[in-house]
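Residue 470, in the working numbering, is where the sequence shown stops; the numbers in between run on with no holes.
In this text, a Cβ means the ideal position worked out from N, Cα and C, and glycines have one as well.
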Amino acid sequence: MNPTPKFPDGFLWGTATAAHQIEGSPLADGAGPSIWTRFAHTPGMTVNGDTGDIACDHYRRWKDDVALMRELGMQAYRFSVSWSRVLPEGVGRINQKGLDFYSRLVDELLANGIEPLLTLYHWDLPAALDDRGGWLNRDCADWFAEYGSVLYRALDGRVKKWVTLNEPWVITDGGYLHGALAPGHRSKYEAPIASHNLMRAHGAAVQAYRAIGAHQIGLVVNIEPKYPASDLADDAAAVARAHAYMNEQYLHPALLGRYPGELQEVFGHAWPEWPVGDFDLIRQPLDFVGINYYTRSVTRAAETYPLNAEAVRQDDALYTETGWEVFPQGLTDTLLWFKRTYGDLPVYVTENGAAFPDPERVENGVVHDPLRVEYLRSHLRAVHAAIEAGVDVRGYMLWSLMDNMEWSLGYSKRFGIVHVDYDTLERTPKDSARFYSRVVSSHGAALAGGDGDAEGTTRTILALPGQ
């Protein structure tokens, strides 16, 4: 039996979603298309040709979804805004109907005692801006600051926690290097340019907030800790490259004002010389950083593009439907690494969750998902362990509130604690929703007991770079 964990006073418990994954109606009420509207409608780019045209129909069912959050006892809701819903051309003309949608959503959240955490950008660039070069165009910093300013003026005060970008690594690795995500480019030369411009845009949006807003703003990154597959020097070097590419490429410039040296090795002659003044823009004071954690990677040297590194599957491990190893210790290690590397900046776990083989249809009003329950239990214990070790973790946003469009995977993977029947759009809380609701209402005490990974498995904790 585990002792009852004690989370800090004021620790914020919530869930997370993204606009394109749940809203549907992407062109309704004067909205413009995004790169994901375009990408999903391109044959062969998503599983089964799935699109976000309907998704979870949150654009029309938002009141019911907020009521469901209230029923589950959620204290916070992290959501994103569709840029092209508010600014159909990306800049200039404001679509008031689109802005009003988010204003009503924020008001409804507050009326139900739920704090909004608003993410400006979760991957859905207006198609009109992509036609102008998207994140490859240095003007994107000005575009993003203008967009952010529209929302700051409309919502700051009601919204007190803002996020600029969600997972810039995924945007560039999937969208500009490997082509698996919108806008579907495949270029080793474009990827670092897009990454750098994303960080410039982040800095410009923070600057704009400091001029208008009066509360808090931060950046959200996805971290996947890398552990060496052996004691070989080649594997250690592969870990260093993979760690710099995925975990330091965005935090270093945002918080330290420089890139990790390994990126020159990763990209070779495709790595540009950046203007020194760009880092003055990128490195803006932040109020917090959000960390998204799903899995780890045990890494070895290999002849693979572009890192000369590859992940090694672990024979004794449980893997999710997306092929990610369940490894809660990695979340503790990640949070400790962040504190050692970047200091005592407050942290939120802004995404954490898993896709497991849930049923397509609900029978008798219940959805049993014991693997997800244990996933949540073990990972929340991992968060608590980091807090006990001195990391200033302020909250936890579970991914995801409901099953949704999992980007290029379409509707084939279910991450939600609420089941969505994609034919009827009926919402049904799963066992994991009821479990998480108990955790929230007990401020973590419900994590005591159980037979999750933290109790049932003994593992060797390998060292992250810098440990």
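Kindly indicate which three-state DSSP category residue i falls into: helix, strand or coil?
| i | result |
| --- | --- |
| Thr-460 | Residue confidence is low: Thr-460 scores 31 on pLDDT, short of 50, so the model does not pin down where it sits. No coordinate-derived value is stated. |
| His-44 | coil |
| Gly-93 | coil |
| Met-400 | strand |
| Glu-409 | coil |
| Asp-454 | Here the model assigns Asp-454 a pLDDT of 48, short of 50, so the residue's position is not dependable, and the following value carries that caveat. Asp-454: coil per DSSP, three-state reduction. |
| Tyr-297 | coil |
| Tyr-262 | coil |
| Glu-306 | coil |
| Leu-102 | helix |
| Pro-256 | helix |
| Ala-21 | coil |
| Ala-483 | In this structure the chain extends from 4 to 470, so residue 483 is not present and cannot be described. |
| His-272 | helix |
| Glu-111 | helix |
| Thr-431 | strand |
| Phe-341 | helix |
| Val-292 | strand |
| Gly-419 | coil |
| Trp-277 | coil |
| Leu-15 | strand |
From which residue to which residue does the alpha helix (DSSP H) around residue i run?
| i | result |
| --- | --- |
| Gly-72 | A small fix is needed here, since residue 72 is Met in this sequence, not Gly. Counting along the chain, the alpha helix (DSSP H) containing Met-72 begins and ends at 61-75. |
| Asn-200 | 193-215 |
| Arg-384 | 373-391 |
| Arg-88 | 86-89 |
| His-246 | 236-246 |
| Ile-285 | 281-285 |
| Val-443 | 434-444 |
| Tyr-351 | Here Tyr-351 belongs to no alpha helix (DSSP H); instead the beta strand (DSSP E) covers 350-354. |
| Glu-324 | No alpha helix (DSSP H) holds Glu-324; DSSP gives it neither H nor E. |
| Val-153 | 143-158 |
Can you tell me the Cβ-Cβ gap for residue i and residue j, rounded? I've got them flagged as a contact below 8 Å.
| i | j | result |
| --- | --- | --- |
| Tyr-308 | Gly-333 | Incorrect: roughly 25 Å between the Cβ atoms, too far for contact. |
| Tyr-105 | Val-84 | 6 Å |
| Ser-190 | Leu-201 | About 15 Å separates the two Cβ atoms, so there is no contact after all. |
| Asn-225 | Val-166 | Rounded, the Cβ-Cβ distance is 13 Å, inconsistent with contact. |
| Gly-55 | His-23 | 5 Å |
| Ala-448 | Thr-7 | 5 Å |
| Ala-79 | Cys-143 | Not a contact, Cβ separation roughly 29 Å. |
| Phe-10 | His-255 | Between His-255 and Phe-10 the Cβ distance is about 30 Å, and since that is not below 8 Å, they are no contact. |
| Arg-81 | Leu-120 | 4 Å |
| Tyr-253 | Pro-171 | 5 Å |
| Thr-45 | Ser-411 | 11 Å between Cβ atoms; not a contact. |
What residue range does the beta strand (DSSP E) around residue i cover?
| i | result |
| --- | --- |
| Gly-221 | 219-225 |
| Gly-368 | From DSSP, Gly-368 is part of no beta strand (DSSP E); its letter is neither H nor E. |
| Arg-80 | This sequence places Tyr at residue 80; Arg is not what is there. Unbroken beta strand (DSSP E) run through Tyr-80: 79-83. |
| Leu-120 | 118-124 |
| Pro-231 | 229-231 |
| Glu-313 | 312-314 |
| Thr-167 | 164-169 |
Given residue i, which residues of its chain have a CB within under 6 Å of its CB, disregarding the five upstream and five downstream residues?
| i | result |
| --- | --- |
| Gly-76 | Ser-440, Val-443, Ser-444 |
| Val-223 | Val-166, Asn-169, Gly-293, Thr-353 |
| Gly-101 | Ala-34, Arg-88, Val-89 |
Excluding the 5 residues preceding and the 5 following residue i in the sequence, name in chain order all residues of the same chain whose CB lies nearer than 7 Å to its CB.
| i | result |
| --- | --- |
| Cys-59 | Ile-25, Gly-27, Met-405, Asn-407, Val-423, Leu-428 |
| Tyr-414 | Asp-53, Met-408, Tyr-425 |
| His-188 | Gly-178, Tyr-179, Gly-182 |
| Tyr-378 | Val-329, Ala-357 |
| Arg-135 | none |
| Glu-324 | Ala-358, Phe-359, Pro-360, Lys-416 |
With a threshold of 8 Å on Cβ separation, who are the neighbours of residue i within its own chain once the five nearest residues in sequence on each side are excluded?
| i | result |
| --- | --- |
| Gln-219 | Lys-163, Lys-164, Trp-165, Asp-290, Phe-291 |
| Ala-457 | Any answer about Ala-457 is weak, because its pLDDT of 36 lies below 50 and its placement is not dependable; what the coordinates show is given next. Taken in chain order, the residues that qualify are Asn-5, Pro-331, Arg-380, Ser-381, Arg-384, Ala-385. |
| Arg-268 | Sequence inspection shows Glu at residue 268; the Arg mentioned does not correspond to that position. Same-chain partners within the cutoff: Arg-244. |
| Arg-141 | Asn-200, Arg-203 |
| Arg-96 | Leu-90 |
| Leu-30 | Pro-36, Thr-40 |
| Asp-12 | none |
| Gly-137 | Ile-38, Leu-128, Cys-143, Pro-186, Ala-197 |
| Leu-284 | Ala-144, Arg-203, Gly-206, Ala-207, Gln-210 |
| Gln-1 | There is simply no residue 1 to check, as the chain begins at 4 and stops at 470 in what is shown. |
| Pro-275 | Pro-195, Ile-196, His-199 |
| Thr-335 | Ala-385, Val-386, Ala-388, Ala-389, Ala-392 |
When the cut-off is 9 Å and only beta carbons count, does residue i lie next to chain B?
| i | result |
| --- | --- |
| Val-223 | Protein chain content of the structure displayed is limited to a single chain, and chain B is not contained in it. |
Is residue i near the ligand NAD, judged by its Cβ being under 8 Å from some heavy atom?
| i | result |
| --- | --- |
| Leu-379 | This structure lacks the ligand NAD; in fact it carries no ligand of any kind. |
Exercise. Would you call the stretch 393-400 and the stretch 369-377 touching, i.e. three or more CB-CB distances under 8 Å?
Worked result: Too few Cβ pairs lie closer than 8 Å, so no.
Exercise. Touch check for the stretch 334-344 and the stretch 65-74: three-plus C-beta pairs under 8 Å?
Worked result: Flag = no, the stretch 334-344 and the stretch 65-74 do not touch.
Exercise. If you pair each beta-carbon of the stretch 420-431 with each one of the stretch 401-409, do three or more pairs fall below 8 Å?
Worked result: Contact holds: three or more Cβ-Cβ distances are below 8 Å.
Problem set entry | the stretch 38-45 touching the stretch 114-130, judged by at least three CB pairs closer than 8 Å | Result yes; three or more Cβ-Cβ pairs closer than 8 Å.
Exercise. How about the stretch 27-34 and the stretch 106-125: do they share at least three Cβ pairs that are nearer than 8 Å?
Worked result: In short, these stretches do not touch, since the Cβ pair count stays below three.
Exercise. Counting Cβ pairs closer than 8 Å, one from the stretch 317-334 and one from the stretch 238-245, do we hit at least three?
Worked result: No, because fewer than three Cβ pairs between the stretch 317-334 and the stretch 238-245 fall closer than 8 Å, the two stretches do not touch.
Exercise. Quick check: the stretch 147-157 against the stretch 197-215, are there 3 or more CB pairs under 8 Å?
Worked result: The stretch 147-157 and the stretch 197-215 touch, with no fewer than 3 CB-CB distances between them shorter than 8 Å.
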